[in-house]
Structures are given as structure tokens and as C-alpha cells.
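Here is the structure we will look at.
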Amino acid sequence: MSDNKTEQKPVIRIENLHKYFGDNQVLRGIDLEVMPGEKVVVLGPSGSGKSTMLRCINALEETTSGKIYVNDVDITSPKTDINKVREHLGMVFQRFNLWPHKTVLENVALAPKLVSGVNKAEAEKKAMEMLKRVGLAEKANAYPASLSGGQQQRVAIARGLAMGPKALLFDEPTSALDPISTSKIEELALELKKDYTIIIVTHSMQQAKRISNKTAFFLLGEIIEFDKTEKLFSNPCDERTDAYINGRFG
Ligand code: ADP
Ligand code: MG
Numbered sequence: 010m011s012d013n014k015t016e017q018k019p020v021i022r023i024e025n026l027h028k029y030f031g032d033n034q035v036l037r038g039i040d041l042e043v044m045p046g047e048k049v050v051v052l053g054p055s056g057s058g059k060s061t062m063l064r065c066i067n068a069l070e071e072t073t074s075g076k077i078y079v080n081d082v083d084i085t086s087p088k089t090d091i092n093k094v095r096e097h098l099g100m101v102f103q104r105f106n107l108w109p110h111k112t113v114l115e116n117v118a119l120a121p122k123l124v125s126g127v128n129k130a131e132a133e134k135k136a137m138e139m140l141k142r143v144g145l146a147e148k149a150n151a152y153p154a155s156l157s158g159g160q161q162q163r164v165a166i167a168r169g170l171a172m173g174p175k176a177l178l179f180d181e182p183t184s185a186l187d188p189i190s191t192s193k194i195e196e197l198a199l200e201l202k203k204d205y206t207i208i209i210v211t212h213s214m215q216q217a218k219r220i221s222n223k224t225a226f227f228l229l230g231e232i233i234e235f236d237k238t239e240k241l242f243s244n245p246c247d248e249r250t251d252a253y254i255n256g257r258f259g
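Per this note's numbering, the very first residue in the sequence shown carries number 10; after that it's consecutive.
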């Protein structure tokens with residue numbers, strides 16, 4: 010075998026992932042590979058298992074069977090230190106999940122302090138840099154409740170960036186936001202996509218086309234089609250993808 014140093018390995022690799030909640034089979038054999046620098050949109054109707062898949066990648070949810078590798082580390086192995094894996098992943102949820110009794114700066118600095126054991130001064134310095142990056146440095150000492158939804162989501166993104174992750178996982182980051190806040194988050198995502206590998210779950214096809222280079226169409230716990238975004242939207246292989254993207258889904 011040749012020793013090719015430029016050969017890239019996937020940041021995230023999912024193999025035959027199955028997930029049950031009781032009798033409810035939510036993921037039915039998911040395979041997905043996300044290479045460094047790729048921007049993948051996951052599109053599909055509600056209840057298809059998109060959030061569950063993202064939560065499995067971050068080990069927020071236990072898998073029933075199958076493998077998930079993050080930077081080649083098998084996160085389904087009981088031997089794996091999940092906190093170490095999570096340092097490589099920044100997760101942003103639909104509901105921002107900020108701590109209400111902590112300031113914006115404290116919210117962003119918390120994970121590096123708890124998970125990586127970074128000291129307070131260093132964690133806050135990094136947090137401040139990330140707040141600048143999302144355009145909210147002036148809100149560092151404010152409490153989340155005094156911010157708009159869009160601003161809270163930008164804080165949540167800063168928090169996701171604070172660990173210095175390789176990949177960002179967004180779960181419908183704009184579905185609780187008004188159109189103006191949504192476009193601000195999209196602009197931020199477009200700016201971040203230069204530096205990060207991204208997986209973003211969204212209902213917005215506009216967002217998929219703007220942000221991603223690849224799209225996975227998810228339906229009832231399966232990935233029906235995974236292709237370059239342009240190709241999937243212009244010439245889908247599966248008639249269910251075609252029906253969904255052209256609004257004929259029923
Ligand atoms: P999506 O994000 O595509 O809308 P989800 O992953 O949220 O889909 O949900 C897929 C299915 O899994 C749904 O039927 C939902 O009710 C079920 N589900 C999700 N989380 C849980 C849970 N913690 N316990 C039981 N069922 C769940
Ligand atoms: Mg969801």
C-alpha cells in the first residue's frame with residue numbers, strides 16, 4: 010500500500026447506523042461520509058430522524074447498532090472518551106439552549122473550562138474572540154433574555170466555536186427565527202464555511218443551495234439520496250427526492 014500523506018480521511022463517517030426508541034425504529038441503516046471542508050445539508054420532512062442522527066454523532070443519543078467515527082475515533086466504543094470527541098464538534102440547536110443565569114461571555118466560556126480544563130482567563134479570552142467573530146462582542150456582559158432570538162443563536166454559534174472544533178453541526182438553526190435574523194445567521198454560516206466542515210439540518214431549500222456543496226435527502230430514517238447539491242436539485246435520481254424538492258410531497 011502506498012503511503013499517501015495527502016490522502017484525506019472523513020471528519021465524520023457513519024456506517025449502517027440504526028436507532029430505536031423502544032419499538033420505534035428511527036434510523037434504518039444510515040451511511041454517510043463527510044470529508045474535511047465539505048458543507049453538507051440534511052434535508053427532509055419532520056420526524057425523519059435528522060435530529061436523532063446529529064445527536065448520535067455528538068453522542069448525545071446512544072446508538073442501537075452501527076458505527077460512527079469522528080476523526081477516525083469510533084464514538085460508539087465504550088472505551089472512547091466522549092468529551093475528547095466533542096472537542097472536535099460544535100453543536101448548534103434550533104432552540105439556543107443558553108444558560109439564562111449566566112452572561113453571554115460565561116455561556117461561551119463554559120465548555121472550554123469544564124470539558125478541556127482551560128483556565129478562566131484563557132477561556133474568557135477565547136470566548137471574547139468568538140463573540141467578535143459572530144459580531145456580538147458588545148453583548149459579552151448581557152444576559153441571554155435581553156437578546157433577540159437571532160442574537161441568542163449567534164451566541165450559541167460562538168459557544169459552538171469556542172472549543173476550536175473541526176466540524177459544526179447545526180440542527181435547524183434558523184427555524185425559530187424571523188427572516189432578518191435568519192439571513193444574518195445564513196451570512197454567518199457562509200463566512201464560517203471557509204474554515205469549518207459543516208453539517209446543517211434545515212427545511213429551507215434556499216439555505217441548502219446557498220450554504221452546502223452536498224445534500225442528503227432524508228426520509229423515514231433513511232438517506233434516500235446524497236449528492237452534490239447542484240446535481241440533487243437539478244437532476245435527482247430518486248422520485249421521492251424529486252417530489253420533495255418540487256413541493257409534490259404528500
Ligand atoms: P427530525 O429531526 O427529522 O424531525 P427526529 O430525529 O426529531 O426527526 O425524530 C425522529 C423520530 O424519533 C420521531 O418519531 C420522534 O418522535 C422520535 N424521537 C426523537 N427523539 C426521541 C426520544 N428522545 N424518545 C422517543 N422518541 C424520540
Ligand atoms: Mg429535528
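A virtual CB, placed ideally from N, CA and C, is assigned to each residue, including glycine.
- DSSP links Arg37 through a beta bridge to His27.
- Boundaries for Ala198: no beta strand (DSSP E) harbours it, while the alpha helix (DSSP H) harbouring it runs Pro188 to Leu201, taken from the DSSP string.
- Ranked by Cα distance from Ala217, the options Lys122, Ser192, Gly230 and Ala176 are led by Ser192.
- Contact between the segment 206-216 and the segment 129-144 is not established, with fewer than three Cβ pairs separated by less than 8 Å.
- Judged by beta-carbon spacing, Arg168 lies within the 8 Å limit of Asn116, meaning their Cβ atoms are closer than that value.
- The nearest non-hydrogen atom of ligand 2 is less than 7 Å from the C-beta of Lys59.
- Contact between Thr250 and Phe226 holds: CB atoms are separated by about 5 Å, below the 8 Å threshold.
- With distances taken between CA atoms, Ile189 lies nearest to Gln160 out of Met172, Gln160, Arg219 and Ile23.
- The beta carbon of Asp81 sits closer than 7 Å to the beta carbons of Lys18 from its chain, once the five residues preceding and following it are set aside; these are given in chain order.
- Within the segment 40-81, the runs of beta strand (DSSP E) at least 3 residues long that lie entirely inside it are, in chain order, 48-52 and 74-79.
- When DSSP states are grouped into helix, strand and coil, Asp247 belongs to the coil group.
- Beta-bridge pairing by DSSP links Ala225 to Val51 and Phe235.
- Three or more pairs of CB atoms, one per stretch, sit closer than 8 Å, so the segment 95-111 contacts the segment 147-160.
- At least one heavy atom of ligand 2 sits closer than 7 Å to the Cβ of Val210.
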